[in-house]
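The structure under discussion appears below in the form of structure tokens.
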Amino acid sequence: MSRRGWALLLAVGVIWGIPYLLIKIAVGEVTPVMVVFVRTALGALLLMPFALRAGGLRVLRGHWKALLAFAALEIVGPWILLSNAETTLASSTTGLLIATVPIIAVVLGRLVGDRRPVAAVRWIGLLIGLGGVALLLGPGAASSGNPWAVAQVLLAAVGYATAPMIADLFLRDVPAIPLTATCLAVTALFYLPIVVVTGPHDWPALDGVLALATLGAVCTALAFVLFFRLIMEVGAARSTLVAYLNPVVAVALGAVVLDEAITLTVVAATALILVGSAAASRRSRNAEPAAVDVDVDPVSGQVEPVPPS
Numbered sequence: 021m022s023r024r025g026w027a028l029l030l031a032v033g034v035i036w037g038i039p040y041l042l043i044k045i046a047v048g049e050v051t052p053v054m055v056v057f058v059r060t061a062l063g064a065l066l067l068m069p070f071a072l073r074a075g076g077l078r079v080l081r082g083h084w085k086a087l088l089a090f091a092a093l094e095i096v097g098p099w100i101l102l103s104n105a106e107t108t109l110a111s112s113t114t115g116l117l118i119a120t121v122p123i124i125a126v127v128l129g130r131l132v133g134d135r136r137p138v139a140a141v142r143w144i145g146l147l148i149g150l151g152g153v154a155l156l157l158g159p160g161a162a163s164s165g166n167p168w169a170v171a172q173v174l175l176a177a178v179g180y181a182t183a184p185m186i187a188d189l190f191l192r193d194v195p196a197i198p199l200t201a202t203c204l205a206v207t208a209l210f211y212l213p214i215v216v217v218t219g220p221h222d223w224p225a226l227d228g229v230l231a232l233a234t235l236g237a238v239c240t241a242l243a244f245v246l247f248f249r250l251i252m253e254v255g256a257a258r259s260t261l262v263a264y265l266n267p268v269v270a271v272a273l274g275a276v277v278l279d280e281a282i283t284l285t286v287v288a289a290t291a292l293i294l295v296g297s298a299a300a301s302r303r304s305r306n307a308e309p310a311a312v313d314v315d316v317d318p319v320s321g322q323v324e325p326v327p328p329s
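Position in the sequence shown (first residue = 1) + 20 = our numbering.
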């Protein structure tokens, strides 16, 4: 990989590890609904000029049902679940639980009828990753007293694992930027009435304002642009390496900025979940090459290649 490719990979990996920290700060100042609304509205406004250059709403004709389903599973549901969860759950724990998406995807694939052989290494990765989750949620762990918060994060992870199936089946020919901008705009419009009904809202402190602005401008709009360039520079397969940088960044930022404890349990769970996720998402080298689309990671705003189902 070129120096430019490594620089883009590092930049995107860091940027998409930051949202867990920013969400934690933001929900201390405003409601979870407001967090989702501001982030999606700002991200949509910043990305819309790029979307218009890429064909605008014309490229979405015939795809609205699939787009709405994709947005619901990828952004509308998961982002509010994550924001709610982080009112009580540590940002590092949230980041680690989201790293289980590849593991959940393997299980969902079997449930929806995928009967292609699964390599032994993927099943071993599944068990290792689940062991990391069990360690993270076990007795004495920081998250063990927040079962509903943990359930919300895992539900969000299920959404992240399900949405690519819709994208792979129905949205392959939709350009990524118009798709992303529209999904963000749809989410903002969905939550706007709730924001209005639950108002008036107090203006957040400076920390909250900066967190919201950074979520929308940097972790959503800028991150998408950088990730598209990363895909062009290193290819779709290598670009997925950012998924393994995000949890590490989330844990480190939680410890440095929010004084969240990095215990031996957290370190061990981090290792198990990342190794398990990497193994569970491994593709056979002998698999036939196929077209690769891109998918949006709703928590961080991340776009990931969508593998054939």
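A virtual CB, placed ideally from N, CA and C, is assigned to each residue, including glycine.
For residue 186, the CB contacts under 6 angstroms within the same chain, skipping 5 residues up- and downstream, are 86, 89 and 90 in chain order. Residue 98 counts as buried, since at least 16 other C-beta atoms from the protein chains shown sit within 10 angstroms of its C-beta.
With respect to the C-alpha of residue 297, the residue from 22, 232 and 149 having the closest C-alpha is 149.
The C-beta distance from residue 46 to residue 232 rounds to 5 angstroms, short enough to fall under 8 angstroms. Put simply, the backbone Cα of residue 75 is about 7 angstroms away from that of residue 198.
With contacts defined as CB atoms closer than 8 angstroms, residue 43 and residue 112 fail to qualify as a contacting pair.
The beta carbon of residue 25 sits closer than 6 angstroms to those of 253 and 254, all from its chain and outside the five residues before and after it, given in chain order. Take the alpha-carbon of residue 49 and the one of residue 58: they are about 13 angstroms apart.
Spanning the alpha carbons of residue 224 and residue 238 requires a straight line of approximately 19 angstroms. Counting only the Cα atoms, residue 195 lies some 42 angstroms from residue 285. Residue nearest to residue 181 within the set 114, 127, 281 and 201 is 127 (criterion: CA-CA distance).
With respect to residue 62, residue 202 sits apart: the two C-beta atoms are not nearer than 8 angstroms.
Residues 181 of the same chain have their beta carbon placed closer than 6 angstroms to that of residue 125, with the five preceding and five following residues left out of the count. For residue 22, there is no enclosing alpha helix (DSSP H), as DSSP gives it neither H nor E.
Taking the Cα positions, residue 116 is about 17 angstroms away from residue 279. A buried status is given to residue 36, since no fewer than 16 other beta-carbon atoms sit within 10 Å of its beta-carbon. For residue 290, the closest C-alpha among the options 78, 100 and 152 is that of 152.
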